[in-house]
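Following: one structure in structure tokens, then a few remarks.
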Amino acid sequence: MRSPFAYVPRPRPLQSASPGAAVAYLGALVVVAFLYSSPLVLAAAGVAAALAGHLAGADRAVRAALRMGLSLALLIVVVNALVVNRGETVLLRLGELPLLGRVDVTAEALAAGAVIGLRAAVAMVGFAVYSACVDPDRVLRALRPLAGRSALTAALISRLVPVAAADAARLREAGGLRGPAAAPLGRATLVRRLTAGSLDRAVDVAATLELRGYSLAPPRPSHVAAFSPRGCGKSSNRRSRYDRRFYAAGAAVLVAAIVGKVLGADGFHAYPTVRLAIEPSTVALAALIVLSGLAPLRRAPRRTGDA
Amino acid sequence: MPDVAAPPRAVPALAIDRLSYAYSDASAASTTPMGVNAALVLRDVSLTLGPGEFVVLAGRSASGKTTLLRAGCGLVPHFHGGEIEGGVEVAGIDALASGPGELAGAVGYVAQDPETQIVSTTVAAEIELPLELRGDPQPARARAVEEVALALAIPHLLGRTVDTLSGGELQRVALAAALVTRPQLVLLDEPTSQLDPVAGDELIWLLRRLNEEWGVTVLLAEHRLERCLAAADRVVAMDRGAVSFDGPPRDFLTWAQQADAALETPAARLFSLAGIEPLPVGVRDARRILRDRSRQ
Chain A
91 MRSPFAYVPR
101 PRPLQSASPG
111 AAVAYLGALV
121 VVAFLYSSPL
131 VLAAAGVAAA
141 LAGHLAGADR
151 AVRAALRMGL
161 SLALLIVVVN
171 ALVVNRGETV
181 LLRLGELPLL
191 GRVDVTAEAL
201 AAGAVIGLRA
211 AVAMVGFAVY
221 SACVDPDRVL
231 RALRPLAGRS
241 ALTAALISRL
251 VPVAAADAAR
261 LREAGGLRGP
271 AAAPLGRATL
281 VRRLTAGSLD
291 RAVDVAATLE
301 LRGYSLAPPR
311 PSHVAAFSPR
321 GCGKSSNRRS
331 RYDRRFYAAG
341 AAVLVAAIVG
351 KVLGADGFHA
361 YPTVRLAIEP
371 STVALAALIV
381 LSGLAPLRRA
391 PRRTGDA
Chain B
12 MPDVAAPPRA
22 VPALAIDRLS
32 YAYSDASAAS
42 TTPMGVNAAL
52 VLRDVSLTLG
62 PGEFVVLAGR
72 SASGKTTLLR
82 AGCGLVPHFH
92 GGEIEGGVEV
102 AGIDALASGP
112 GELAGAVGYV
122 AQDPETQIVS
132 TTVAAEIELP
142 LELRGDPQPA
152 RARAVEEVAL
162 ALAIPHLLGR
172 TVDTLSGGEL
182 QRVALAAALV
192 TRPQLVLLDE
202 PTSQLDPVAG
212 DELIWLLRRL
222 NEEWGVTVLL
232 AEHRLERCLA
242 AADRVVAMDR
252 GAVSFDGPPR
262 DFLTWAQQAD
272 AALETPAARL
282 FSLAGIEPLP
292 VGVRDARRIL
302 RDRSRQ
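One line per chain: the protein sequences are A and B, in this order. For the first sequence, this note's numbering assigns the number 91 to the initial residue and increments by one for each residue that follows. For the second sequence, this note's numbering assigns the number 12 to the initial residue and increments by one for each residue that follows.
Next up, the structure:
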């Protein structure tokens, strides 16, 4: 079965956009998640990324990323609550625990953990939409002028997820063939094995890229004529008519986020007591971010023959 | 007196001259890497492959087969690092001075695992990539892709995404991507190791056909020798980084009987136990020998 994060070509704006435009747009949402601590803004960035994925037809990727992201967020909340004793509102005194020492679970530590977890979840949804909607072939070609001398960098950026996805499918299949008596291959085991092997696999892919001539000086533009993933003669590296839309959406989100930061839209502090201030600027920024999630919306085809 | 020009000598597809090599991690363990024999993966290897030869590279695991192939395509030392002595020329190009990219037009390389040799999402894009990176114009690329797809019997795969292909199909696509630049030499590192016996046999005979029709020199490292000896013109055996045998397949079987029983094919072992001569290089050859014996 194909991984939910594997790229699927679809005739949608996000898939048609050049890799740079798609990265600028999705990257802006992820940057906002790292700039802000306000749960409202973080939730807005998550909703925008999920909406973008939905409009681009990447629902499976979004669902899988949300499942993984929220599980990770929960784990972060629990770990943060156990290891951070800061905060004035003690909810639970667990006493002395081995390795952890004295543990007081505070509302502030829980809130801080939730913010970090939410941030991680937003980043995962953004990356999942990127992985499912941006053609790795085009990323590889776009990277050539930047990372032509480093096939490893290009392999890591463009092929790590597809190769890991194929490995995961194989490992799951192998796990299923071990018989009913064998212990099931858990998600943690799967992730551990994939992580351990992914760098080795990326090195192998990088070697293949070297052998294909990736490190040669890029040909002059007149020679870089048409190439399409399907080999049907259209250039895949030329700009798309959707590029401007995604660059504009990304820029708008980033500028608004920076202005909002200056105007005090990030009104959240976990310590010493949780303080959440939702200013009009916070609401406006969150609304703009959610609206940016509509950027991959397809325009309805124009009617012909109207009088 | 008119000048009588000497007939042009064919440039060897691969010329390896007294090659010794140690990987960087192995050499780091010793202070004088090239002097420490244990660190050397290749030891004083000399080998010349003429144009159009089909050569099988035999040897036990860790005998240096893969490293030799990597040296032939420039991955050793340019990609893997390490210390190297001697010389490697591919179709007249100094492989130690040029990187794998510069050698891409002269040599194709196919490794064991087809998954890591595929860098594009569609078959057409994968096969076209080396030509695109080289800057070939679109019509020439389209023609070359079609030609190589026809030669490998995969034109029906061109529109498919690579994640829908079987292992055998992936291996053929990897071979097509290695051959699309029409290299003079193709190096294959156990390309049948992940294929079923039928697909493995098909791949070997496909290679032999390309070798005969296109004149491409083939250097094929294989463990399952019974599969490929019948297709080979010559066998080179390696042992602990050095060449231990270089000759025709039938002589190799006789040599393996004495020198390294692990390299004997099952059919050759059976024949030698039964005291039947000559030893067969393949199943068809075994049938022919037995038929001839029954007639006598």
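Cβ atoms here follow ideal geometry from the backbone N, Cα and C, with glycine treated the same way. Quantities reported herein were computed from a predicted structural model and do not represent experimental measurements.
For the pair ILE129 of chain B and SER288 of chain A, the Cα-to-Cα distance works out to about 15 Å. Taking the Cα positions, ARG302 of chain A is about 40 Å away from SER161 of chain A.
Proximity of VAL227 of chain B to chain A, defined by a Cβ-Cβ separation below 8 Å, is not satisfied.
Between LEU80 of chain B and VAL101 of chain B the beta-carbon gap is near 12 Å, outside 8 Å, which marks them as no contact. By the criterion of a C-beta distance shorter than 7 Å, ALA187 of chain B is surrounded in its chain by ILE138, VAL159, ALA160, LEU163, ILE165, once the five residues flanking it on both sides are discounted.
With a 10 Å radius around the Cβ and a threshold of 16 neighbouring Cβ atoms, PHE358 of chain A comes out buried. For the 8 Å CB-CB criterion, LEU30 of chain B and VAL121 of chain B do not form a contact. In this structure, VAL173 of chain B lies near THR133 of chain B, with their beta-carbon atoms less than 8 Å apart. The alpha-carbon separation between VAL224 of chain A and ASP244 of chain B amounts to approximately 47 Å. In the DSSP assignment, LEU199 of chain B is bridged to B:VAL121, B:LEU231. Here the alpha carbon of TRP216 of chain B sits roughly 14 Å from the alpha carbon of TRP225 of chain B.
Ranked by Cα distance from SER35 of chain B, the first of B:HIS91, B:PRO260, B:LEU230 is B:HIS91.
Contact between the region 271-285 of chain B and the region 224-240 of chain B is established, with three or more Cβ pairs separated by less than 8 Å.
For the pair of segments examined, the region 345-364 of chain A was found to touch the region 172-187 of chain A: the number of CB pairs separated by less than 8 Å reaches three.
For SER31 of chain B, the beta-bridge partners assigned by DSSP are B:GLU96. Secondary structure note for GLU137 of chain B: its alpha helix (DSSP H) is the uninterrupted segment 134-145. With its beta carbon less than 8 Å from one in chain B, GLY303 of chain A belongs to the interface.
For TYR120 of chain B, the chain A residues whose Cβ falls inside 9 Å of its Cβ are ALA297, THR298, LEU301, in order along the chain. The residue from B:ALA69, B:THR78, B:VAL22, B:GLY93 with its alpha-carbon nearest to that of THR59 of chain B is B:VAL22. PHE263 of chain B is outside the set of residues whose beta carbon lies under 8 Å from a beta carbon in chain A. The region 128-138 of chain A makes no contact with the region 183-200 of chain A, as fewer than three CB pairs between them are under 8 Å.
DSSP, reduced to helix, strand and coil, places HIS359 of chain A within a strand of the structure shown. Contact check between the region 218-234 of chain A and the region 108-123 of chain A: three or more CB pairs, one atom from each, fall below 8 Å, which counts as touching. Secondary structure at PHE256 of chain B: strand, using DSSP grouped into helix, strand and coil. Identification of chain B residues near ALA96 of chain A by a Cβ-Cβ cut-off of 7 Å yields ASP174, ordered along the chain. Distances from the CA of LEU236 of chain A to each of A:SER127, A:LEU306, A:ALA342 were compared; the closest alpha carbon is that of A:LEU306. Shown in chain order are the members of the region 250-262 of chain A whose Cβ falls below 9 Å from a Cβ of chain B: PRO252, VAL253, ALA255, ALA256, ASP257, ALA259, ARG260. At least one C-beta of chain A is nearer than 8 Å to the C-beta of SER131 of chain B. The beta-carbon separation of VAL193 of chain A and LEU172 of chain A, rounded to 6 Å, stays under the 8 Å limit for a contact. Residue contact check for PRO111 of chain B against chain A: a CB pair falls below 8 Å. Here the C-alpha atom of VAL52 of chain B lies approximately 13 Å from the C-alpha atom of ARG71 of chain B. If you check the CB distance, SER74 of chain B and MET249 of chain B come in under 8 Å. Straight through space, the alpha carbons of ALA254 of chain A and LEU141 of chain A are spaced by roughly 25 Å. Pairing ARG220 of chain B with PRO99 of chain A, the inter-Cα distance amounts to about 36 Å. Taking CB atoms only, GLU288 of chain B has no neighbour in chain A less than 8 Å away.
Between PRO226 of chain A and chain B, the shortest Cβ-Cβ separation is below 8 Å.
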